[in-house]
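Numbering (our numbering), first residue to last: 44 to 282.
The next block holds one structure in the form of structure tokens; read it before the comments.
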């Protein structure tokens, strides 16, 4: 199945992450903290924590710092208590946007998210206004040049829902949320290491944006992602 180009978007995101390594670590520590408090510190029985630790390792966070934050969260040590809040809104051309945050001050966070939407051409929506356009899914993306036939064979046999080849040759494997880890493990066992491996909110349909509209949408997304309390931004724009 053919799909839109994803490789340029991945490289854009990675480049921005390299520029703000400290902020990436802060987001991962928040995720580790919430996951460990909710499900305990045992990686074997806490898949959310396991995924957060994988992200931490991928961001070159030292092992002792990862362990410290897990121990701090599960030991009920005094610290900041984070609340997970999702905001919904519309971007350029009516594109749907979800902003997942973790915050210790929801008044500050909602003000910053609303300001970003209004200043950069979007509109804040109400709860439920756009989330129905997304599906909670597992997503693995492989570099152009990957053996498509073999990867597809392994992925589908392991229970993947779909394998999508982008216009630029990048290959995307989509899974049900519950099957993400088993499909990822099967692909790794077959020698396929994903450039991106995450649980995401995947848009069911996309809105094509080009030229100035695409540039304005990218600016809005970048500003939302740069907010201190943002954990992830999802959208349905094909830029």
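Backbone N, C-alpha and C fix where the C-beta goes; we use that ideal spot for every residue, glycine too.
Since residue 138 contacts residue 278 with CB under 8 Å, what's their CB separation in whole angstroms?
-> Confirmed, about 6 Å.
Starting from residue 254 and walking both ways along the alpha helix (DSSP H), at which residues does that stretch end?
-> Residue 254: member of the alpha helix (DSSP H) spanning 254-269, first to last residue.
Buried/exposed call for residue 280, threshold 16 Cβ in 10 Å | Counting Cβ neighbours within 10 Å, residue 280 comes out buried, since at least 16 surround it.
Does the distance from the C-beta atom of residue 230 to that of residue 260 stay below 8 Å?
-> No; because the gap between Cβ atoms is not below 8 Å, this pair is not in contact.
Residue 71 by DSSP, collapsed to three states: which one?
-> Note: residue 71 maps to helix in three-state DSSP.
Between residue 131 and residue 155, is the Cβ-Cβ spacing less than 8 Å?
-> No Cβ-Cβ contact shorter than 8 Å links residue 131 with residue 155.
By the 10 Å Cβ neighbour count, where 16 or more other Cβ atoms means buried, how is residue 215 classified, buried or exposed?
-> Answer is buried; the Cβ neighbour count reaches 16.
So, helix, strand or coil for residue 156, using DSSP?
-> Three-state result, residue 156: helix.
Of the choices 194, 190, 217 and 97, whose alpha-carbon is the least far from that of residue 68?
-> Considering only 194, 190, 217 and 97, the residue with the shortest C-alpha distance to residue 68 is 97.
Cut-off 8 Å between Cβ atoms - residues of its own chain near residue 162, not counting five sequence neighbours on either side = Once the five neighbours on either side are set aside, the close Cβ partners of residue 162 are 266.
Own chain partners of residue 84 with C-beta closer than 6 Å, once the 5 adjacent residues on each side are dropped = Here the set comprises 113 and 117.
Separation of residue 70 from residue 178, as counted between CA atoms | Cα-Cα distance, rounded: 23 Å.
By Cβ distance, which residues of its chain are closer than 6 Å to residue 272, with the 5 residues on each side in sequence left out?
-> 144, 146 and 152.
At what residue ranges does the region 116-185 contain a whole run of the beta strand (DSSP E), taking only runs of 3 or more?
-> Correct list: 126-133, 139-146 and 177-185.
So the beta strand (DSSP E) residue 209 belongs to, where does it begin and stop?
-> For residue 209, the enclosing beta strand (DSSP E) has its first and last residue at 205-209.
Does the beta-carbon of residue 180 have 16 or more other beta-carbons within 10 angstroms, so that it is buried, or is it exposed?
-> In summary, residue 180 is buried, with 16 or more beta-carbon neighbours lying within 10 Å of its beta-carbon over all protein chains present.
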